[in-house]
Structure formats: structure tokens, C-alpha cells
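Contents: one structure, followed by commentary.
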Amino acid sequence: KVSRDLTLTDKRMTINDNHRNCPPITVMLRTFIEYLILSLLLTKYISALPDSSDPNSSTGTCLLSNMAEENSSAPQEYAPGLNGNDLIIDGWFHERGVLWPGQAMSLQVKKVVHHARTKFQDVLVFESTNHGMVLVLDGVIQVTERDEFAYQEMIAHIPLFAHPNPKKVLVIGGGDGGVLREVAKHESVEEIVICEIDGEVIDVSKKYLPSLAKGYEDPRVSVKVMDGAVFMDQNQDAFDVIITDSSDPVGPASVLFETPFYSAMYKSLREGGIVCTQGECIWLHLDLVKPLVDNIKKFYTDVGYAYTTIPTYPSGQIGFIIATKRRGKCDVPLRKPRDEVQATLKYYSPEIHSASFILPQFAKRAIFE
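Numbering-wise (the working numbering), the sequence shown opens with residue 72 and increments by one.
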């Protein structure tokens, strides 16, 4: 490009020097050719620039980030910690984490609709090209509209259908409302309490994830924005089922994977109660699952492990730790969904309930032997 410009400059000087010696028609023709060449070069240069409307271009990425900043309720200078916008590169969101080294999950971004830093974590919501709305906390995908049901249905219905008559249910975490939506499908349940430490996650979910947050509309639901451990300490022998829908054991959720928290759940359970918690991934986290299962076996009557498949979670799989208080195993449902309820379910069934407890041999040995 530089050499071409220099050549044109030399030509322009030659044309100017020779103007006096050329007939007028020749000067006009040369001038026309010069400007034609300049126009063609300028057109070629402009066409080579990235399309600002294309999310796959670097310019598109900048615009997505600017859009997020304009719509963000976060301060211009973020508190120390991860900035979710930094994970959007060339129009793609890239999920990387210390709990799954050497691998990443990427989703193409159509539009960033929300980005903020709350008191507890970085919150990002974007519309993806193929997975609907996506909720990301501290850089980790929590929910996509495309596959969320595989997780919400299993973490809720495994313990609830394993219980003969659940009446009071506590949900810890799960601010997006998806677990509430599934719990509300059980007619026997009289009271549903959700304890979410970050109230802004609830607000964001109601605005951008209404298909999940519809769970808040059920009149049996009461919301407590507070520490779940504190709430359980204040409510002992109170619940038939406790479901802990937590993010990974990093940041504010790390306490939810420690033995004292499971002890608090045990004390908050009624006799015959069941707890079901997010249990990480058998392909990545057996070193976390094994010691936790060993420790809680000391006070729970039975401890089991089930899993579901979900494409946008690390390695496409996530497990559940299911433990009981003076009750046997939960691998066989004691009740079945009514036909009209089963018709609304996309993943759970009585058959898959039992099948989810059958582990590959490497995982079974690692966790229980």
C-alpha cells in the first residue's frame, strides 16, 4: 500500500511538471486516470476493514463490549475480580476455569444484554446465536435456554419423587428460578422457600430469563435473600427436601461444598428427609466428590450419586449428591408424575430417574470403593 502511494505521488508530480508540454485533452485524460486509480485503491482499502455489525470480527467484539458497558448497571471501574466482557473474543464467549484445566466451552454471542458486578460476583447475560439467553456468573455458564431443563428437572425431581409426600421444600441458590419452576409441579408441596445470597441474580433472571423465573410466580414461594447456612441454623427439623443449586466451589459458592454445610442441611431436615446438591462432574472432579461423600456418610443414613447430561456444562455432564436422613436409597422413585405433568417434562422420567444412579465403573470405584 505504501509503495503504491509513493508511485502515485511520483506520477502526480510528473503529470504536474509536464502539464505545460501536454495538450489540454491529454492533461484531462491523465488527471481522470489518476483519480480513477485513487478511487479504486480507496474502495479496496475500505472493503478490507472489519464489518462492525459482524460479531465474528474484532470490531464487532468491541461494539458488543461497548453495548454491554452502556447497558451495564456496574460502575465504570469494576471491583477487583473477573470482568465477564473480557471473555468475549471475536464475537464468541469463552468459558475457561481452574476446575477444568486444558479445556474450554465457547458460545457465539449475538448481543450482550446485561453486565454488572454485584457485591458477590460478576454477572453477564448475553443472547447467543444458537442457545438462547445465557446467564454467566464469574465467567462460568449457569444457564442456557436451550438445555437448562436437563439440569433443573433432574436436581428437583430426583429427590421429590423419591419422597412419598414432600410438603416443605428449601432451595438454596438457584436464583434463576428454574428449580422453583420444577418444584412447583408437585401438588403435595405446601411451602417452597428459596434462599439466594445474591438478590441481583434474581432480578436479572426475572428480566432476561422469564421461562425460568416463572417459578417465582407460584404463591407457595417465599424468597429469602440471605446466607443459606444462617437460614438453616434458624430453621431446624423444618424441611422434607432441601435442594442446593449452587455454582462451582469457587467464590461465594465454595462453602456449599464443605462438610459443615452438609451438617447444617442435615439438622434442617425432618426425619425421612432428602437433600440433593449439585455434585460436579465425574470426568473432572472425582477428587472433590470422593472426600465429600466419605465425610457426609458419617451422619447421613444413605449417600448416593446420580448424574445428568447437559451440553453446555464442563464435559457435558454434571452430577448430584443425594443423601437421606433416616431413609433408604433414592434410586427408585416412590411416586410418578401425573400424565399431564410428564407431558411438560423434557428430560425426567421414572426410568431415567433410576438409570441416572448407574455410574460408569471408573466413577463408581472412585466414589464408593
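Note that the Cβ used here is the ideal one computed from N, Cα and C, for glycine as well.
Using DSSP bridges, identify the partner residues of residue i.
i, result
"residue 188", "193"
"residue 244", "316"
"residue 262", "239"
"residue 392", "348, 376"
"residue 225", "The partner list for residue 225 (beta bridge, DSSP) is empty, contrary to what the question assumes."
"residue 166", "176"
"residue 412", "Residue 412 is not bridged to any residue."
"residue 199", "180"
"residue 159", "164"
"residue 310", "340"
When burial is assigned at 16 or more other CB atoms within 10 Å of the CB, is residue i buried or exposed?
i, result
"residue 259", "exposed"
"residue 396", "buried"
"residue 180", "buried"
"residue 301", "exposed"
"residue 365", "exposed"
"residue 281", "exposed"
"residue 422", "exposed"
"residue 431", "exposed"
"residue 230", "buried"
"residue 297", "exposed"
"residue 248", "buried"
"residue 256", "buried"
"residue 433", "exposed"
"residue 426", "exposed"
"residue 272", "buried"
"residue 350", "buried"
"residue 223", "buried"
"residue 177", "exposed"
"residue 382", "exposed"
"residue 219", "buried"
"residue 193", "buried"
"residue 120", "With a pLDDT of 44 at residue 120, under the threshold of 50, the predicted position of this residue should be treated as unreliable, and no value is reported."
"residue 293", "exposed"
"residue 375", "buried"
"residue 172", "exposed"
"residue 429", "exposed"
When the Cα atoms are used, what is the spatial distance from residue i to residue j?
i, j, result
"residue 185", "residue 167", "20 Å"
"residue 246", "residue 226", "14 Å"
"residue 155", "residue 342", "43 Å"
"residue 238", "residue 362", "32 Å"
"residue 332", "residue 370", "12 Å"
"residue 335", "residue 309", "12 Å"
"residue 312", "residue 191", "27 Å"
"residue 413", "residue 232", "12 Å"
"residue 367", "residue 161", "45 Å"
"residue 436", "residue 385", "21 Å"
"residue 389", "residue 290", "30 Å"
"residue 378", "residue 196", "26 Å"
"residue 202", "residue 210", "17 Å"
"residue 373", "residue 234", "14 Å"
"residue 169", "residue 391", "21 Å"
"residue 57", "residue 284", "The structure shown does not extend to residue 57, since the chain is modelled only from 72 through 440, so no value can be given for it."
"residue 147", "residue 187", "The predicted position of residue 147 is uncertain, since its pLDDT is 33 and thus under 50; no value can be drawn from it."
"residue 252", "residue 153", "30 Å"
"residue 133", "residue 164", "With a pLDDT of 36 at residue 133, under the threshold of 50, the modelled position of that residue is not reliable, and no figure is offered here."
"residue 419", "residue 314", "16 Å"
Between which two residues does the beta strand (DSSP E) carrying residue i extend?
i, result
"residue 212", "211 to 215"
"residue 275", "No beta strand (DSSP E) contains residue 275, which is instead part of the alpha helix (DSSP H) from 270 to 279."
"residue 204", "204 to 208"
"residue 295", "292 to 295"
If I follow the unbroken alpha helix (DSSP H) through residue i, where does it start and stop?
i, result
"residue 361", "357 to 367"
"residue 338", "330 to 339"
"residue 253", "249 to 254"
"residue 422", "421 to 426"
Report whether the distance from the Cβ of residue i to the nearest heavy atom of the ligand FMN is below 7 Å.
i, result
"residue 419", "Absence of the ligand FMN is noted for the structure shown, with no ligands found whatsoever."
Quiz item: Is there contact between the segment 404 to 417 and the segment 346 to 361, where contact requires at least three CB pairs shorter than 8 Å?
Solution: no
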